[in-house]
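Trainee: The following block contains the structure, expressed as structure tokens.
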Amino acid sequence: MDWTLNVPYRWAAGIYVGRFLLGLKLEGKIYANHCPNCNRFLLPPRIVCGRCHIRMSDGYTEVGPQGTVLAFAVCEQSFVDPSTGLPRQVPYASASILMDRAPVTFTHFLEECDPDRLSVGMRVEAVFKPRQEREGLVTDIQHFRTVEEAAS
Amino acid sequence: MTSPEREPLTQPPVIVQGALIIPYRYALGQTASRFYIELRDHRRLMATQCHDCGKTYLPPVSTCLECATDDMEWREVGSSGVVTTYTVDRRELSIQPGERGAKIYALVRLDGADTDLFHLLGGLSPGDVRIGMRVRAVFRGKRQGNILDIQHFTPEDAE
Chain A
860 MDWTLNVPYR
870 WAAGIYVGRF
880 LLGLKLEGKI
890 YANHCPNCNR
900 FLLPPRIVCG
910 RCHIRMSDGY
920 TEVGPQGTVL
930 AFAVCEQSFV
940 DPSTGLPRQV
950 PYASASILMD
960 RAPVTFTHFL
970 EECDPDRLSV
980 GMRVEAVFKP
990 RQEREGLVTD
1000 IQHFRTVEEA
1010 AS
Chain B
90 MTSPEREPLT
100 QPPVIVQGAL
110 IIPYRYALGQ
120 TASRFYIELR
130 DHRRLMATQC
140 HDCGKTYLPP
150 VSTCLECATD
160 DMEWREVGSS
170 GVVTTYTVDR
180 RELSIQPGER
190 GAKIYALVRL
200 DGADTDLFHL
210 LGGLSPGDVR
220 IGMRVRAVFR
230 GKRQGNILDI
240 QHFTPEDAE
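As given, the protein sequences belong to chains A and B, one line each in that order.
Residue numbers for the first sequence follow the working numbering, so the first one is 860 and each next one is one higher.
Residue numbers for the second sequence follow the working numbering, so the first one is 90 and each next one is one higher.
Structure below.
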């Protein structure tokens, strides 16, 4: 028996995540926000700090677009990608990236997927899709590419 | 506790759309395979009948639920029967089978069977369904070996 379960969904992102997604789509910028009590940043921004249970500070802080890889993983095993129903292309790499300008991490894909050319501490930079292809999704960032440090 | 000022909406709400698309396949096993192959290739509804107690199961089972014996025989049942009970589902979800609009789900006791088949009713409005009414299967032209090879059951006297 072959069958395909197709479950479309839609959800309202709300003011804060909505602002984040519009930042990606319209401005090509990554926005976080800040908790006035514990001083941490949240990315994507949210209305309330989950630790302090208070409203976050007003406004948003632009972070990145560069950052430093804190951890990475390379996936070699293909699987069915539920967003397309098709096998995911492999290999691909994902990383937890400590963004510049605010102490906050962001998880995304890396352009480089050769483990020998990846390292913790390497510098990476967000690559946005062309403006007309952006949809207001986190995948408006295509991936993070390696920043070649200028030899000095 | 002060109620915080809501940030004014400067943009229309951001709606994130997506889908979970999950293809899957599984082996039906001997009994269900035969049921679907007969349905697909011959538009026949094949039940299994217990040799001990005589109970006829549709959909077919390989083991009698009463006697726990696997001494079962294949037996064709009619493609018409009686509505045992029904329910109307007016909520539209894109994962539902068939055309848009209200769905009428029914249990149908086919002629010769002692159990009910869960399926859709079609070609009538929800207000016209009656428990006990006679219905017949409407088969699809292009059948694929699944339960929707029967499009729905429709009143026996309908065109």
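Every residue, glycine too, gets a C-beta built ideally from N, C-alpha and C.
So, with DSSP's three-state summary, where would you put B:Glu127?
Mentor: In the structure shown, B:Glu127 sits in a helix (DSSP, three-state: H, G or I).
Trainee: Any C-beta of chain A sitting closer than 8 angstroms to the C-beta of B:Arg232?
Mentor: Chain A contact via Cβ: absent.
Trainee: Between the region 977-992 of chain A and the region 920-927 of chain A, do at least 3 Cβ pairs fall closer than 8 angstroms?
Mentor: At 8 angstroms Cβ cutoff, the stretches touch.
Trainee: So what does A:Pro803 bridge to, in DSSP terms?
Mentor: With chain A running from 860 to 1011 in the structure shown, residue 803 of chain A is simply not present.
Trainee: Are the C-beta of B:Gly190 and some C-beta of chain A separated by less than 8 angstroms?
Mentor: Output row for B:Gly190: interface = no.
Trainee: Applying the criterion that 16 or more other CB atoms from any shown protein chain within 10 Å of the CB defines a buried residue, is A:Cys908 buried or exposed?
Mentor: It counts as buried.
Trainee: Would you mind stating whether B:Arg225 and B:Ser168 have Cβ atoms separated by less than 8 angstroms?
Mentor: A contact, by the Cβ cut-off of 8 angstroms.
Trainee: Consult DSSP for A:Tyr919 and reduce its assignment to one of helix, strand or coil.
Mentor: Of the three classes helix, strand and coil, the one that applies to A:Tyr919 here is coil, per DSSP.
Trainee: Can you name the residues of chain A whose CB is closer than 8 angstroms to the CB of B:Gln106?
Mentor: Per Cβ cutoff of 8 angstroms: Pro867, Tyr868, Arg869.
Trainee: Three or more beta-carbon pairs under 8 angstroms between the region 863-876 of chain A and the region 110-117 of chain B, yes or no?
Mentor: Touching, per the Cβ criterion.
Trainee: If we call anything under 8 angstroms between Cβ atoms a contact, is A:Ile956 one with A:Val928?
Mentor: In this structure, A:Val928 lies closer than 8 angstroms to A:Ile956 by Cβ.
Trainee: For A:Leu996 and chain B, any beta-carbon pair shorter than 8 angstroms?
Mentor: For A:Leu996, the answer is yes, since a Cβ of chain B falls inside 8 angstroms of its Cβ.
Trainee: Is there contact here, the region 196-211 of chain B with the region 132-152 of chain B, by at least three beta-carbon pairs under 8 angstroms?
Mentor: Yes, the region 196-211 of chain B touches the region 132-152 of chain B.
Trainee: Under 8 angstroms between beta-carbons, which chain B residues line up against A:Gly944? List them in chain order, please.
Mentor: Residues of chain B passing the Cβ test: Ile110, Ile111, Pro112.
Trainee: Anything in the region 938-968 of chain A with a Cβ closer than 7 angstroms to a Cβ of chain E? List those residues in chain order, please.
Mentor: Here the protein chains are A and B, and chain E is not one of them.
Trainee: According to DSSP, simplified to helix, strand and coil, what is A:Thr964?
Mentor: Three-state DSSP puts A:Thr964 in a strand.
Trainee: Answer yes or no: does any C-beta atom of chain B fall closer than 8 angstroms to that of A:Leu977?
Mentor: No, because no Cβ of chain B sits closer than 8 angstroms to the Cβ of A:Leu977.
Trainee: Closer than 8 angstroms by beta-carbon distance: list the chain B residues that pair up with A:Asp973, in chain order.
Mentor: Neighbours of A:Asp973 on chain B: none; closest Cβ ~30 angstroms, over 8 angstroms.
Trainee: Excluding the 5 residues flanking B:Lys192 on each side, which residues of the same chain have their C-beta closer than 7 angstroms to its C-beta?
Mentor: Only Asp178, Gln185, Leu209 meet the Cβ criterion.
Trainee: To the nearest angstrom, report how far apart B:Leu128 and B:Gly230 are at their CA atoms.
Mentor: About 12 angstroms.
Trainee: Under 8 angstroms, Cβ to Cβ, is there at least one residue of chain A near B:Ile184?
Mentor: Output row for B:Ile184: interface = yes.
Trainee: Please decide whether A:Thr927 counts as near chain B, where near means a Cβ-Cβ distance under 8 angstroms.
Mentor: By this cut-off, A:Thr927 is not an interface position.
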